[in-house]
Amino acid sequence: LRCFFMNLGRFGAYTYRFTFSEDYRRADIDTMGNPLALCCICLPCAWVTIPKCCFAFEMVQTDDSTDGTSWKRNNSRCGSDFEFYYDLKEVYTPEGKVGKYHDEFKAVPQQVMATY
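Numbering (my numbering), first residue to last: 430 to 545.
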């Protein structure tokens, strides 16, 4: 069932839009998609924002981070309060150099899904 919804999301141009606060310390993450994928109408763009009452996402820069290298990702479902979901940390800089948390990434057990 999970694979079905993942592929439906891909077919429906499932994507995210990040809206940052003025000080860049937090961001609302809107989920967007093409609901006409359910009707097999092929429009190549995501044009509908999923209502936040269904599910909402945010990311908040951690207190010890002032340069955007460490964030907390929080999720909310069905209008509930936000709950911690995972940490988002810089492993490589935009220039491709080793980032602040590179050593932590190397120490992640193989059972944990970590991407870069």
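Glycine included, C-beta positions come from ideal geometry on N, C-alpha and C. These figures come from a predicted structure and were not determined experimentally.
Residue range of the alpha helix (DSSP H) that residue i falls in?
i: Glu533; result: 531-535
Using 8 Å as the threshold, is the C-beta distance between residue i and residue j below it?
i: Phe484; j: Asn504; result: yes
i: Glu519; j: Thr495; result: no
i: Ala456; j: Thr448; result: yes
If you follow the beta strand (DSSP E) that residue i is part of, which residue opens it and which one closes it?
i: Glu512; result: 512-518
i: Ile458; result: 455-462
i: Thr522; result: Per DSSP, Thr522 belongs to no beta strand (DSSP E) and is neither H nor E.
i: Thr448; result: 444-449
From residue i to residue j, what distance separates their C-alpha atoms?
i: Glu487; j: Phe511; result: 8 Å
i: Arg454; j: Asp492; result: 9 Å
i: Lys535; j: Glu451; result: 33 Å
i: Ile458; j: Gln539; result: 28 Å
i: Asp532; j: Trp476; result: 40 Å
i: Phe513; j: Val489; result: 10 Å
i: Lys526; j: Asp516; result: 20 Å
i: Met461; j: Pro480; result: 9 Å
i: Arg446; j: Tyr530; result: 25 Å
Based on the DSSP output, what are the partners of residue i in its beta bridges?
i: Trp500; result: Gln490, Leu517
i: Thr478; result: Met461
i: Phe484; result: Arg506
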